[in-house]
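Undergrad: Just passing along the structure, written as structure tokens.
Have a look at this one:
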């Protein structure tokens, strides 16, 4: 089964990340990199990306069928998505075990539509 793991946090989390000392940031990035490397080597991660900060996002909404483009992420949300991984695992329990081992904060686990 495929799941998407969304790595989420708040704007405050993003600010703390951007302002943390270089050695702490390096250690955090190293831990996240190792997580991706370990699960990729095991064949569990089949896709994913780290995303640039929320200030780089653009949102397209529709009002009466007309697209409206605005700067910024989904403004109604209090959380931002920092990245995602597409994983191929046997079941939800395995996806949750992966999420529990993520070294950097909350993870949303979403089942993917199988085609």
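Residue numbers (the working numbering): 7 to 121. Beta carbons are placed, not taken as given, at the ideal position from N, Cα and C, and that holds for glycine. From a predicted model like this one, the values you see are computed outputs, not experimental measurements.
Could you name each continuous alpha helix (DSSP H) segment of 4 residues or more that falls completely within the stretch 66-113, going from the start of the chain to the end?
TA: The qualifying runs are 98-106.
Undergrad: What does DSSP give as the partner residues of residue 119 in its beta bridges?
TA: Bridge partners of residue 119: none, in fact.
Undergrad: Taking one C-beta from the stretch 14-32 and one from the stretch 47-63 each time, how about it: are there three or more such pairs within less than 8 Å?
TA: Yes: the two stretches touch, three or more of their Cβ pairs being nearer than 8 Å.
Undergrad: Considering only their Cβ atoms, is the gap separating residue 88 from residue 42 smaller than 8 Å?
TA: Not in contact: residue 42 and residue 88 (Cβ atoms no closer than 8 Å).
Undergrad: Hey, would you say residue 50 sits closer than 8 Å to residue 94, going by beta carbons?
TA: Yes, they are a contact pair.
Undergrad: So which of 110, 106, 101, 40 has the shortest CA-CA distance to residue 7?
TA: When only C-alpha atoms are compared, the closest one is 101.
Undergrad: What does DSSP give as the partner residues of residue 11 in its beta bridges?
TA: Partner(s): 91, 115.
Undergrad: Report, in whole angstroms, the separation of the C-beta atoms of residue 34 and residue 91, which I expect to be a contact under 8 Å.
TA: 16 Å between Cβ atoms; not a contact.
Undergrad: For residue 37 and residue 72, what's the separation of their Cα atoms in angstroms?
TA: Answer to the nearest angstrom: the Cα atoms are 43 Å apart.
Undergrad: If you draw a straight line from the alpha carbon of residue 85 to that of residue 104, how long is it in whole angstroms?
TA: The alpha-carbon atoms of residue 85 and residue 104 are separated by roughly 21 Å.
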